[in-house]
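Trainee:
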Amino acid sequence: MHGDLETDHDVLVTLHRFTLATAEQLHQLHGGTAGIKQTQKRLTRLHTDGLADFVTLPQAGRAKAWHLTAQGAAVAATFPEARRTHAQTLDSEQLAVRHGREHLLDVGRIHTAFVADARQRGEDCGPLDLRPTPQLPVGAAAYRPAAELAYTAGTGDQRHRLRAFVERHRPGVGAEETAAQLAACAALWEQAGPGGRGRAWERRWRSFPRLLVVLVGTTAAAVRPAVADLRLAAEENPATAEMLSAVPAGATRIEDLVQRGPSAPIWHPLSGRSGRACGWTQL
35 MHGDLETDHD VLVTLHRFTL ATAEQLHQLH GGTAGIKQTQ KRLTRLHTDG LADFVTLPQA
95 GRAKAWHLTA QGAAVAATFP EARRTHAQTL DSEQLAVRHG REHLLDVGRI HTAFVADARQ
155 RGEDCGPLDL RPTPQLPVGA AAYRPAAELA YTAGTGDQRH RLRAFVERHR PGVGAEETAA
215 QLAACAALWE QAGPGGRGRA WERRWRSFPR LLVVLVGTTA AAVRPAVADL RLAAEENPAT
275 AEMLSAVPAG ATRIEDLVQR GPSAPIWHPL SGRSGRACGW TQL
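Going by our numbering, the first residue of the sequence shown is number 35, and it counts up by one from there.
(1) What beta strand (DSSP E) runs, 3 residues minimum, are completely inside the segment 130–196?
(2) Sort 60, 67, 314, 54 by Cα distance to residue 196 and report the nearest one.
(3) Determine the closest residue to residue 101 out of 142, 176, 71, with distance taken between C-alpha atoms.
(4) On a CA-only basis, which of 286, 299, 52 is nearest residue 165? Give me that one, please.
(5) Compare the beta carbon distance of residue 287 and residue 247 with 8 Å and say whether it is the shorter of the two.
(6) Between the C-alpha atoms of residue 216 and residue 305, what's the straight-line distance to the nearest angstrom?
(7) Looking at the secondary structure, which residues open and close the beta strand (DSSP E) in which residue 287 lies?
(8) Checking the sheet assignment: what are the DSSP bridge partners for residue 312?
(9) Pull up the distance between the alpha-carbon of residue 301 and that of residue 56, whole angstroms please.
(10) If you draw a straight line from the alpha carbon of residue 200 to that of residue 96, how long is it in whole angstroms?
(11) Specify the secondary structure class of residue 207 as computed by DSSP and reduced to three states.
(12) Going by DSSP, name the residue or residues bridged to residue 246.
(13) Suppose you measure from the CA of residue 50 to the CA of residue 183; what does that come to, to the nearest Å?
(14) Near residue 63, what residues of its chain come up, given a Cβ to Cβ distance below 7 Å and the 5 sequence neighbours on each side ignored?
(15) Around the C-beta of residue 223, are 16 or more other C-beta atoms found within 10 angstroms, so that it is buried, or is it exposed?
(16) Can you give the Cα-Cα distance for residue 167 and residue 153, rounded to whole angstroms?
(17) Helix, strand or coil for residue 100, going by three-state DSSP, please let me know.
(18) Taking the straight line between their C-alpha atoms, what separation do you get for residue 203 and residue 140?
(19) By how many angstroms is the C-alpha of residue 185 removed from the C-alpha of residue 220?
(20) Classify residue 53 as helix, strand or coil using the three-state DSSP reduction.
(21) Quick one: residues in its chain with C-beta nearer than 8 Å to the C-beta of residue 135, no 5 flanking neighbours on either side, listed in chain order?
(22) Quick one: give me the first and last residue of the alpha helix (DSSP H) that residue 268 is part of.
(23) Is residue 44 helix, strand or coil by DSSP?
(24) According to the Cβ coordinates, are residue 234 and residue 226 closer than 8 Å?
(25) By DSSP, does residue 76 sit in helix, in strand, or in coil?
(26) Taking just the CA atoms, how far does residue 194 sit from residue 187?
(27) Taking only the alpha-carbon atoms, compute the straight-line gap between residue 110 and residue 46 and give it to the nearest angstrom.
(28) Considering just the uninterrupted stretch of the beta strand (DSSP E) at residue 86, what are its terminal residues?
(29) Output yes or no for whether 8 Å exceeds the beta carbon distance between residue 112 and residue 76.
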């Protein structure tokens, strides 16, 4: 492998973690001040070296979505940032089979939206600060959100760490699946600590992560009905309703997230029956 080794290393680690990404997404994460053609050249070089390959997407423009080859995955797995424990996440093949391309690329769009917003605000959310499909044990079961986000908000002495679970929801298609995911998150939230003292999550986080539901395939006019349906699903499960009364949670369209950024007033609170849209940190 030749060229800019450090940046090639970063791209390989990102593809190892996210399974699939477009050149535009990789450029947003690693392109710096260079033009996107430099990122495209880098990917072409990795392809020539046998480390990366691509699939052509059916959307207009027939963009390429990049992934690691077996050789590329073996190289990336030697990097400390790419090493996984069994409890961290599913491997790339399992992710691709379980979720499909659209899901994987949407997680990348969500990630780049947070990274771009953090840079604009002088805050910190890096290329590896979102972990796809973590496996969080809940007794004999597990909670597997679409992603877990780590974000450092504020500047100077006012910096503080925020965390969030991200769920991808397609209204009208995955309502029951999303309700089950919310229930699994509630089980994690209420899981008792050792000896029945406190909550188990308190040994891992200072505060329980926010819950961010990203709506896909949703028109602007359909957002409020979709949020109302999510609230109804939460009310059906007492544990979920209790969690949402204590844990900041909201929903937004993926288009609004990408176009306006997560700090914009685009998040509709999931607790209660009303609430003005706000930025994700104000939920």
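By construction, the Cβ of each residue, glycine as well, lies at the ideal position given by its N, Cα and C atoms.
Mentor: Concretely, from the data shown:
(1) If we require 3 residues or more, the beta strand (DSSP E) runs fully inside the segment 130–196 come out as 164–166, 170–172, 175–177, 181–187.
(2) 314
(3) Closest by alpha carbon: 142.
(4) 52
(5) Not closer than 8 Å, so no.
(6) 13 Å
(7) 283–287
(8) 301
(9) 26 Å
(10) 28 Å
(11) coil
(12) 200, 284
(13) 17 Å
(14) 48, 146, 149, 161
(15) buried
(16) 24 Å
(17) strand
(18) 11 Å
(19) 22 Å
(20) In the three-state reduction of the DSSP assignment, residue 53 falls in the coil class, being assigned neither a helical nor a strand state.
(21) Here the set comprises 54, 89, 91, 99.
(22) 257–270
(23) helix
(24) yes
(25) helix
(26) 5 Å
(27) 6 Å
(28) 86–90
(29) Cβ distance not < 8 Å, so residue 112 and residue 76 don't count as in contact.
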